[in-house]
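Just below is one structure, and these are the notes that go with it.
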Amino acid sequence: MTKQEKSWQHRLDGSTDVLAVDFVESLSYDWRLYQYDIVGSIAHARMLAAQKIITKAEFEAIQAGLVEISEQIAAGKFVFDKTQEDIHMAVESALIKKIGDPGRKLHTGRSRNDQVATDIRLWMRDEIEAIQSYIVQLQRAFVTLAAKYTEAIMPAYTHLQRAQPVSIAAYLLSFVEQLARDYTRLADCRRRLNVCPLGSGAVAGTTLPLDRQQTARDLGFADITYNSIDAVADRDFCAEFIFCGSLIAAHLSRLAEDWILYTAAEFSFIRTADAYCTSSSMMPQKRNPDMLELIRGKTGSVYGALMAMLTILKAQPSTYNRDLQEDKLHVFKAADVTSQCLRMAAAIVSHTTFNTDRIAAGLDRGFLDATALAEYLVRKGIPFRQAHGVVGGLVALCEKEGKEKLADLSLAQFQAACDKIEQDVYQTLNPAGVCQSYQTEGSGGCASAMSQVKYWGERLKKM
Ligand code: ARG
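Taking my numbering, the leading residue of the sequence shown gets 21, the next gets one more, and so forth.
Here it is, written out as structure tokens:
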């Protein structure tokens, strides 16, 4: 056991077990909050001076000292001492070392409890903006790729079985829609977390006349928190932030899964650039989609962070408990992995081409035009349920006779199934033609894809 100089050395005997020092510290990871911690401290000190709790000269000494510390940390010249526990104590003790007595006044009317709650919110606001910018980059990559393929057709799958023909562009833009929800979900999260806990103190506020509105304004918060007991314990926003990351990861994992399949020889729908593949140490022919597999795999880390965060919150007694210190490990992890995967996905999307000839050559498989044939019968006055049955029978007939597509049936065979069918049926029976004739807004058809590309191109230009 060794003796350390601590802010509470008059209460405790100052002896600390090295195991406990390592166990309790968060400096090894919360140092990355330093800019936010310092900005928050400057705002707090400025307010203390405005309220005449400290003098203007003391504020100026505090501000100058903190700016210097910030520069030292940024330059990698700051010595982090984990016996200081966390970034808040590390900065404060460096300040006291640097400027003496005025430094000892910084923590007036403040606790690390409201300080850390403020720091994470400040950090998260910036992080959300960064993640949103990566989302937009990825959306742009999708739209650029989609613009090349509005007229190219691919099978859409449900249950991984061939379903209906769609424009490749419409398929690609389905991810742009998912990402747009991820973007606005983060904006909602940011709006809710953008309130300032400073002035809540340890749990009950303070008897000193702090101007909470001033620090909130100074730090760009939209408002203050209105209950100190809640404010020091609230980490809802951390769970919400990780949930936003989890859905981004879920969306990226679905893209990854599709494209891993699409690169397989059995599909051969796409080719991603060599830069995003690796080979095998043993099998010389291999071209493995490792980056996509890792995007899929890293989803586990983000979901894990969400589970961890929710579990940390579970059944904690009111209000602040040291359990909450663990929050940062998981929000940092979720933010880092989400950002990394979004950026990797944007690079891959920008370097992928669709093998349109190969896809087109396979469009006759899977009876992609069957639903369109049922709708042809609807136009001839047949109730849809009955039409569905007729076409189901025709598909079964094709399979029985070894015919690959409905168009291989003779007119006599069609008419035996339903006397409303005429020669014009053959115009319906072709996947590319079907894709040109979807009528509904937002369909997977070529015209719809074209207008979606235009819409997103313009919208993303403004972001
Ligand atoms: N490092 C701590 C955390 O991240 C700071 C708050 C500590 N507060 C306390 N009263 N021990 O939660």
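The C-beta atom is built at its ideal place from N, Cα and C for all residues, glycine as well.
Being a predicted model, the structure only gives us computed values, none of them experimental.
Minimum Cβ-Cβ distance from residue i to chain D less than 8 Å
i: Ser370; result: In the structure shown, chain D cannot be found, because there is only a single protein chain.
Secondary structure of residue i, DSSP reduced to three states
i: Ser370; result: helix
i: Arg13; result: The first residue shown for the chain is 21 and the last is 483, placing residue 13 beyond what the model contains.
i: Tyr154; result: helix
i: Ser35; result: strand
i: Met21; result: Low local confidence applies: a pLDDT of 48 at Met21 is under 50, so the model's placement there is unreliable, and no value is given.
i: Ile173; result: strand
i: Gln305; result: coil
i: Cys216; result: strand
i: Asp208; result: helix
i: Ser248; result: helix
i: Asp278; result: helix
i: Arg232; result: helix
i: Arg182; result: strand
i: Glu288; result: A small fix is needed here, since residue 288 is Ser in this sequence, not Glu. DSSP places Ser288 in coil when its eight states are reduced to three.
i: Asp243; result: strand
i: Ser46; result: coil
i: Ser27; result: coil
i: Ser187; result: strand
i: Ser430; result: coil
i: Cys438; result: coil
Pairwise C-alpha distance: residue j and residue i
i: Ile262; j: Gln29; result: 37 Å
i: Gly477; j: Tyr154; result: 16 Å
i: Ser468; j: Trp143; result: 40 Å
i: Glu421; j: Pro175; result: 23 Å
i: Val369; j: Glu313; result: 14 Å
i: Leu239; j: Arg130; result: 16 Å
i: Gly265; j: Tyr282; result: 25 Å
i: Cys297; j: Ala269; result: 20 Å
i: Tyr323; j: Glu149; result: 21 Å
i: Gly317; j: Arg274; result: 11 Å
i: Arg211; j: Leu32; result: 41 Å
i: Lys423; j: Leu431; result: 14 Å
i: Leu53; j: Glu78; result: 24 Å
i: Pro18; j: Ala276; result: Only positions 21 to 483 of the chain appear in this structure, which leaves residue 18 out of reach.
i: Asp146; j: Pro451; result: 47 Å
i: Asp356; j: Val186; result: 35 Å
i: Ile402; j: Met470; result: 32 Å
i: Val156; j: Leu362; result: 10 Å
i: Val484; j: Ile73; result: This structure does not reach residue 484, given that the chain is present from 21 up to 483, and the question cannot be answered.
i: Cys237; j: Met67; result: Just to set this straight, residue 237 is Arg in the shown sequence, not Cys. The straight-line gap from Cα to Cα measures roughly 11 Å.
i: Met303; j: Ser48; result: 42 Å
i: Ala40; j: Phe100; result: 17 Å
i: Phe387; j: Arg307; result: 31 Å
i: Gln459; j: Tyr169; result: 19 Å
i: Gly409; j: Asp444; result: 20 Å
i: Glu286; j: Ser46; result: 50 Å
Same chain, Cβ closer than 8 Å to residue i, five either side skipped, listed in chain order
i: Asn375; result: Ser288, Phe289, Ile290, Arg291
i: Ala95; result: none
i: Gln456; result: Gly465, Cys466, Ala467
i: Gly413; result: Ala437
i: Asp254; result: Ala137, Pro217, Thr245
Spatial neighbours of residue i in its chain, beta-carbon cut-off 6 Å, leaving aside the 5 residues before and after
i: Ala407; result: Ala394, Leu397, Val398
i: Asn133; result: Ala222, Val252, Tyr340
i: Thr226; result: Gly129
i: Leu417; result: none
i: Gln472; result: Leu193
i: Phe257; result: Leu213
i: Ala183; result: Ala176, Tyr177
i: Ser300; result: Lys306
i: Phe404; result: Val398
Contacting residues, own chain, Cβ-Cβ under 7 Å from residue i (five flanking each side not counted)
i: Met21; result: Reliability of the predicted coordinates at Met21 is poor, the pLDDT of 48 falling under 50, and the value obtained from them is presented with this limitation in mind. Cβ neighbours of Met21 beyond the five flanking positions: Ser35, Thr36, Asp37.
i: Arg124; result: Ile116
i: Met311; result: Tyr296, Met364, Ile368
i: Ile58; result: Leu86, Ile89, Ser90, Val111
i: Ile62; result: Gln83, Leu86
i: Leu349; result: Tyr49
Does the pairing of the segment 159-169 with the segment 101-114 give three or more beta-carbon distances under 8 Å? no
Quick check for students: name the residue ranges of the alpha helix (DSSP H) that lie wholly in the segment 444-470, counting only runs of 4 or more. 445-448, 451-456
Please confirm if the segment 431-441 is in contact with the segment 135-142, defined as three or more CB-CB distances below 8 Å between the two stretches. no
Report yes or no: do the segment 241-249 and the segment 168-186 share at least 3 C-beta pairs separated by less than 8 Å? no
Count Cβ pairs between the segment 456-472 and the segment 186-201 that sit closer than 8 Å; are there 3 or more? yes
Whether or not the segment 199-211 and the segment 225-234 are in contact is what I'm after, with contact meaning three or more pairs of Cβ atoms, one per stretch, closer than 8 Å; do they touch? no
Would you check if the segment 117-126 and the segment 75-89 touch, i.e. whether three or more CB-CB distances between them fall below 8 Å? yes
Complete runs of the alpha helix (DSSP H) confined to the segment 74-150 [at least 4 residues]: 76-94, 107-119, 121-124
Ordered list of alpha helix (DSSP H) runs contained in the segment 291-352, each at least 4 residues: 310-333
Would you mind listing the beta strand (DSSP E) stretches within the segment 354-404 that are 3+ residues and don't spill past its ends, in chain order? 372-374
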